[in-house]
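Take a look at the structure set out below.
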Amino acid sequence: MTIEEIKTELMQDPRNAGYTARNIPPVFQISPEARVLIIGQAPGKKVEETLIPFNDKSGEKLMSWMGVSRDTFYSSRVAIMPMDFYYPGKGKTGDLPPRKFIAEEYHSRILSLMPDVRLTVLIGQYAQKYYLGSRCRKTLTETVRHFEDYLPDFFPIVHPSPLNFRWQAKNPWFGQDVVPALQEQIRQILSET
Numbered sequence: 005m006t007i008e009e010i011k012t013e014l015m016q017d018p019r020n021a022g023y024t025a026r027n028i029p030p031v032f033q034i035s036p037e038a039r040v041l042i043i044g045q046a047p048g049k050k051v052e053e054t055l056i057p058f059n060d061k062s063g064e065k066l067m068s069w070m071g072v073s074r075d076t077f078y079s080s081r082v083a084i085m086p087m088d089f090y091y092p093g094k095g096k097t098g099d100l101p102p103r104k105f106i107a108e109e110y111h112s113r114i115l116s117l118m119p120d121v122r123l124t125v126l127i128g129q130y131a132q133k134y135y136l137g138s139r140c141r142k143t144l145t146e147t148v149r150h151f152e153d154y155l156p157d158f159f160p161i162v163h164p165s166p167l168n169f170r171w172q173a174k175n176p177w178f179g180q181d182v183v184p185a186l187q188e189q190i191r192q193i194l195s196e197t
């Protein structure tokens with residue numbers, strides 16, 4: 005199965021009918037040459053408008069944390085496969101959680117199209133709980149603090165949202181220790197031929 009066939013299936017899925025009716029396709033960036041995979045929560049409202057993953061302030065911060073240019077981030081060597089491929093809408097305290105069926109029914113098929121992924125960056129609790137399962141620590145903070153436990157396959161980080169500035173201020177070790185380690189992992193993987 006190709007990514008185009010999966011995309012067509014997603015757009016024909018009745019659970020996505022509201023998006024398809026508004027001409028909104030699934031938002032992801034998939035390439036068979038991908039070496040780094042980013043799994044976040046779901047596209048935000050701004051991303052839904054542009055149809056470009058992480059095309060917002062969060063994306064700018066993520067590129068900075070990864071130590072990559074916009075050109076590299078949007079190249080065939082970096083894939084972006086969120087837990088939900090569509091903006092789930094607003095809830096009382098922020099965006100609604102990603103719908104579970106997307107990861108459960110589509111992720112493994114898409115992963116099979118990217119055999120060269122060397123590192124998966126897991127952004128936030130939804131991606132970490134799904135991919136790390138019982139290996140997650142009691143809190144997201146502790147999972148991220150112990151990122152080395154999940155290497156070489158996974159690298160858990162917090163969401164790069166501007167709303168996370170308080171968390172970052174309380175946890176300076178993230179910028180001091182985790183971000184440089186993430187940049188080094190990405191640099192090594194992307195420099196390989």
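Residue 5 is where the sequence shown starts when you use my numbering, and the numbers rise one by one after that. Built from N, CA and C at the ideal position, the CB exists for glycine as well. Given the structure is predicted, the values throughout are model-derived calculations rather than measurements.
Inset, instruction - Pull up the DSSP beta-bridge partners for Pro160, would you. - result: Within the sequence shown, numbered from 1, the residue matching residue 160 stands at position 156. Leu126, per the DSSP bridge assignment.
Legend entry - Three-way DSSP call (helix, strand, coil) for Lys142 in this model: For the purposes of this step, residue 142 is taken as residue 138 along the sequence shown, with counting starting at 1. The three-state reading of DSSP puts Lys142 in coil, since its state is none of H, G, I, E or B.
Inset, instruction - Tell me, please, whether the stretch 35 to 54 touches the stretch 113 to 126 by the rule of three or more beta-carbon pairs shorter than 8 Å. - result: The stretch 35 to 54 and the stretch 113 to 126 touch, with no fewer than 3 CB-CB distances between them shorter than 8 Å.
Legend entry - Terminal residues of the alpha helix (DSSP H) in which Ile42 lies: Stepping through the sequence shown from its first residue, residue 42 is reached at position 38. Ile42 -> not in any alpha helix (DSSP H); beta strand (DSSP E) instead, spanning 40 to 43.
Legend entry - Cβ separation of His163 and Ile106, assumed to be a contact under 8 Å, to the nearest whole Å: As a working mapping, residue 163 is identified with position 159 in the sequence shown. As a working mapping, residue 106 is identified with position 102 in the sequence shown. Here His163 is actually not in contact with Ile106; their C-beta atoms are around 18 Å apart, not less than 8 Å.
Legend entry - Which of helix, strand or coil DSSP assigns to Gly48: As a position in the sequence shown, residue 48 is number 44, starting the count at 1. Taken through DSSP and simplified to helix, strand or coil, Gly48 comes out as coil.
Inset, instruction - Provide the residue(s) that pair with Ile4 in DSSP beta bridges, ordered along the chain. - result: Summary: the structure shown does not reach residue 4, with the chain confined to residues 5 through 197, and so no result is reported for it.
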